[in-house]
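Quick notes on the structure that follows.
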Ligand SMILES: [Cu+2]
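Residue numbers (our numbering): 27 to 324.
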């Protein structure tokens with residue numbers, strides 16, 4: 027019996043190792059947008075997103091290990107203790123040691139999950155001082171953005187048509203289907219951005235997977251999230267609350283640029299110089315896309 031239990035434990039450890047290998051697939055996924063044959067989650071560019079990924083990996087390992095362990099015990103019962111293999115069953119009904127063990131061990135596992143879970147929740151809800159505040163309003167079916175601490179300018183962000191995407195791709199700017207928008211949200215790299223989220227009609231949801239941000243946009247209420255992007259680039263997300271017929275066509279695009287470019291852009295937007303502001307961002311986007319990205323977009 028002891029040998030069988032030891033074998034079971036060994037198999038559990040092997041299963042857990044396999045789970046770790048599988049969980050680490052986020053390295054194979056694209057950052058900022060989904061990629062073909064993606065297995066894991068989109069790459070993380072904030073501490074919160076990294077925390078979410080490692081918490082997911084930890085829980086995944088525990089789940090798979092428990093499933094394998096229970097499966098092995100079941101198999102032992104089925105094959106070792108069936109009527110043919112074990113014609114005279116034992117009359118044992120209680121085992122104090124075992125009962126204490128199968129109470130204590132699950133409690134220990136729950137505590138093991140609770141500690142990083144609460145840590146992550148606290149990190150998500152303790153807002154560092156904001157460098158930039160952004161207000162996102164969900165509409166059927168687009169997003170309106172306002173920058174209250176940069177002069178209060180606002181704009182609407184609408185998904186690009188295929189023809190509009192082609193134009194951008196020709197200029198050397200990345201424009202993935204169902205994700206690229208006409209006016210991207212611009213934020214500075216390495217700065218804390220607070221996002222105040224609301225809606226004008228029905229419930230929407232402002233989500234950017236690479237930031238680990240996901241918050242409901244509720245009419246008549248303000249909800250909030252925050253992120254501090256570590257790398258420049260463009261990060262896409264989609265409305266994640268069923269909101270009507272064009273729910274799938276109101277993407278979220280956040281472009282993270284150098285702080286100097288953000289300041290220039292915000293000043294131009296404040297002065298209502300939208301043409302020059304657009305040119306400035308297009309230039310930054312071409313630089314960020316690089317020839318490799320532009321070539322693989324289409
Ligand atoms: Cu929506």
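Don't be surprised by glycine CBs; every beta carbon is placed ideally from N, CA and C.
- Residue 78 and residue 146 have their C-alpha atoms roughly 7 Å apart.
- When the Cα atoms are used, residue 61 and residue 67 turn out to be separated by approximately 10 Å.
- Within its own chain, the residues whose Cβ lies closer than 6 Å to the Cβ of residue 209, once the five positions on either side in sequence are excluded, are 181, 183, listed in chain order.
- With respect to residue 228, residue 265 sits apart: the two C-beta atoms are not nearer than 8 Å.
- With a threshold of 7 Å, the Cβ atom of residue 263 does not count as near ligand 1, since no heavy atom of the ligand is closer than that.
- Taking a cut-off of 8 Å on C-beta distances, the stretch 285–302 does not touch the stretch 219–233, as fewer than three cross pairs fall below it.
- Excluding sequence positions up to five before and after residue 150, its CB lies within less than 7 Å of the CB of 74, all in the same chain and listed in chain order.
- Fully contained in the stretch 137–177 are the following beta strand (DSSP E) runs of length 3 or more, in chain order: 158–165, 168–172.
- Within the chosen limit of 7 Å, ligand 1 reaches the beta carbon of residue 167 through at least one heavy atom.
- Ligand 1 never approaches residue 185 closely enough for any of its heavy atoms to be under 7 Å from the residue's Cβ.
- DSSP places residue 71 in the coil class of the three-state scheme, outside both helix and strand.
- Less than 8 Å separates the beta-carbon of residue 211 from that of residue 171.
- Within the stretch 247–321, complete alpha helix (DSSP H) segments of at least 4 residues are found at 285–296, given in chain order.
- Under the criterion of beta carbons closer than 8 Å, residue 169 and residue 307 do not qualify as touching, at roughly 17 Å.
- One Cα belongs to residue 201, the other to residue 195, and the distance between them is close to 6 Å.
- Only residues of its own chain outside the window of five on either side were considered, and among them 81 have a CB closer than 6 Å to the CB of residue 142, listed in chain order.
- Between ligand 1 and residue 305, a heavy atom-to-CB distance of less than 7 Å is absent.
- Here residue 287 is actually not in contact with residue 198; their C-beta atoms are around 17 Å apart, not less than 8 Å.
- At a Cβ-Cβ threshold of 8 Å, residue 153 and residue 252 count as neighbours.
- Not a single heavy atom of ligand 1 lies less than 7 Å from the C-beta of residue 246.
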